[in-house]
Each structure stands twice: as C-alpha cells, then as structure tokens.
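J.: In this note's numbering, the protein residues as written are -5 to 102. From the three backbone atoms N, C-alpha and C, an ideal C-beta is built for every residue, glycine too.
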Ligand SMILES: [Zn+2]
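Structure follows, in structure tokens:
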C-alpha cells in the first residue's frame, strides 16, 4: 500500500526526472486502483493539442519501495514516446539508464 510519504517522494522524483530529461508534454502522476495484474502504466492525453499531457498511473497497492522503479520505467516511456514504435526498444533502454543516473551518486 502506498503511503502519503511514498507518494510525495514520487512527485519529488518526477520533478527531478523532468529537470534531468525535460518531457515533451507535462507529466502527472496518479495513484489509482489498477487491479492486481498491473502496477503501472503511462498514456498520452489530448495528443496533438496544446494541452497534451502524459499521465503516469501507479497502483495504489504497491509498496513505497517499488514506486521509484515503476516511476522510472513509466518516465522512460514518456521520454521515448515519439522515438520508437517498439514498447521497450533501445530508446526506452537509454532513457531508463539516464533516469537511474539521478540516483547514481547516492541520492535517495
Ligand atoms: Zn513498459
């Protein structure tokens, strides 16, 4: 179960990731009931419009320790969204590696 502390940390991490790798549209995190088979997802709303935005949904039931991993994974989808058709292709992999560099020097 996510806690308020875990959700606040995720929002802070999203701000830092967005500074490191500015997304093509604003990104929002929503904690939602995704059912037991899904822990995270990412989609683009209002594509082609000026108010286009990415929504990252993270399962409300996941543990706080898992939130960062899910956030990095979904944020890498945001970064590679326009770069490849393949869901988890090379651009996704590079974005994932770059995102984790945020914590490479001893961050939380
Ligand atoms: Zn994925």
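#1: If you draw a straight line from the C-alpha of residue 39 to the C-alpha of residue 61, how long is it?
#2: Report the rounded CA-to-CA distance for residue 73 versus residue 19, giving the unit in angstroms.
#3: Would residue 29 be called buried (16 or more neighbouring beta carbons within 10 Å of its own) or exposed?
#4: Considering only their Cβ atoms, is the gap separating residue 65 from residue 8 smaller than 8 Å?
#5: Can you tell me the Cα-Cα spacing of residue 93 and residue 70, whole angstroms?
#6: DSSP state of residue 10, grouped into three classes?
#7: Out of curiosity, what's the CA-to-CA distance linking residue 82 and residue 17?
#8: Can you give me the C-alpha to C-alpha distance between residue 99 and residue 34, rounded to a whole angstrom?
#9: Out of 43, 50, 37 and 42, state which residue places its alpha-carbon closest to the alpha-carbon of residue 1.
#10: What I want to know is whether the C-beta of residue 71 ends up closer than 7 Å to one or more non-hydrogen atoms of ligand 1.
T.: On the basis of the coordinates in this document:
#1: Translated into positions along the chain shown, residue 39 becomes position 45. Translated into positions along the chain shown, residue 61 becomes position 67. C-alpha separation (whole angstroms): 22 Å.
#2: Along the chain shown, one-based indexing puts residue 73 at 79. Along the chain shown, one-based indexing puts residue 19 at 25. The straight-line gap from Cα to Cα measures roughly 10 Å.
#3: The sequence position of residue 29 within the chain shown is 35, counting from 1. Label assigned to residue 29: exposed.
#4: For the purposes of this step, residue 8 is identified with residue 14 of the chain shown, where counting begins at 1. For the purposes of this step, residue 65 is identified with residue 71 of the chain shown, where counting begins at 1. Their beta carbons are under 8 Å apart, which means residue 8 touches residue 65 by this criterion.
#5: Taking the first residue of the chain shown as position 1, residue 93 is located at position 99. Taking the first residue of the chain shown as position 1, residue 70 is located at position 76. Going by the C-alpha atoms only, they are around 7 Å apart.
#6: Sequence index remark: in the chain shown, residue 10 carries index 16 (1-based). Three-state DSSP puts residue 10 in a helix.
#7: Sequence index remark: in the chain shown, residue 82 carries index 88 (1-based). Sequence index remark: in the chain shown, residue 17 carries index 23 (1-based). Cα to Cα, the separation comes out at about 18 Å.
#8: The residue given as residue 99 occupies position 105 in the chain shown. The residue given as residue 34 occupies position 40 in the chain shown. Between residue 99 and residue 34, the C-alpha separation is close to 26 Å.
#9: Taking the first residue of the chain shown as position 1, residue 1 is located at position 7. Checking every option, the nearest Cα to that of residue 1 belongs to 50.
#10: To locate residue 71, count along the chain shown from 1; it is residue 77. Within the cutoff, so yes.
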